[in-house]
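In my numbering, the protein residues as written are 340 to 469.
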């Protein structure tokens with residue numbers, strides 16, 4: 340009985356380790372609207388624009404154009420913190436608006452970021468009110 344319990348416990352830990360290692364590759368997590376906005380804003384603040392673009396609904400062939408746009412728009416955001424305030428799902432459940440507060444030493448601003456569900460993952464829509 341003890342041996343089966345120990346084997347079961349070992350299998351549980353191995354399974355947990357394997358499951359937790361999933362999605363640590365090139366595709367960032369995007370399972371909720373607010374989750375994708377948090378991951379996207381972290382990538383933007385870290386100036387990791389390739390990762391940020393993977394979290395958008397932009398076609399991969401357009402990444403170079405949008406990466407240049409992001410560098411121009413977001414490179415001056417050093418010292419800015421981003422806090423998700425709320426999210427509102429559409430009636431269909433495949434679009435959402437995430438309300439975000441941007442805080443810096445000088446300013447406090449609230450913006451809305453649109454998200455859309457694409458192939459089961461939430462993506463940031465770059466036509467939001469940045």
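A virtual CB, placed ideally from N, CA and C, is assigned to each residue, including glycine.
- Contact between residue 419 and residue 441 holds, with the beta-carbon distance rounding to 6 angstroms and staying under 8 angstroms.
- Here residue 454 is buried, its C-beta having at least 16 other C-beta atoms within 10 Å.
- Exposed is the label assigned to residue 432, since fewer than 16 other Cβ atoms lie within 10 Å of its Cβ.
- The residues 426, 435, 437, 454 and 461, in chain order, have a CB closer than 6 angstroms to that of residue 372 in the same chain once the five nearest residues on each side in sequence are set aside.
- Remark: C-beta atoms of residue 379 and residue 394 approach each other more closely than 8 angstroms.
- Among the bridge pairs identified by DSSP, residue 455 is matched with 434 and 462.
- Beta-bridge annotation (DSSP): residue 447 is paired with 442.
- Here the alpha carbons of residue 466 and residue 444 stand approximately 26 angstroms from one another.
- Annotated as proximal: residue 416 and residue 384, with beta-carbon spacing under 8 angstroms.
- The C-alpha of residue 387 lies about 14 angstroms from the C-alpha of residue 376.
- Annotation: residue 400 is outside any beta strand (DSSP E) and is labelled neither H nor E by DSSP.
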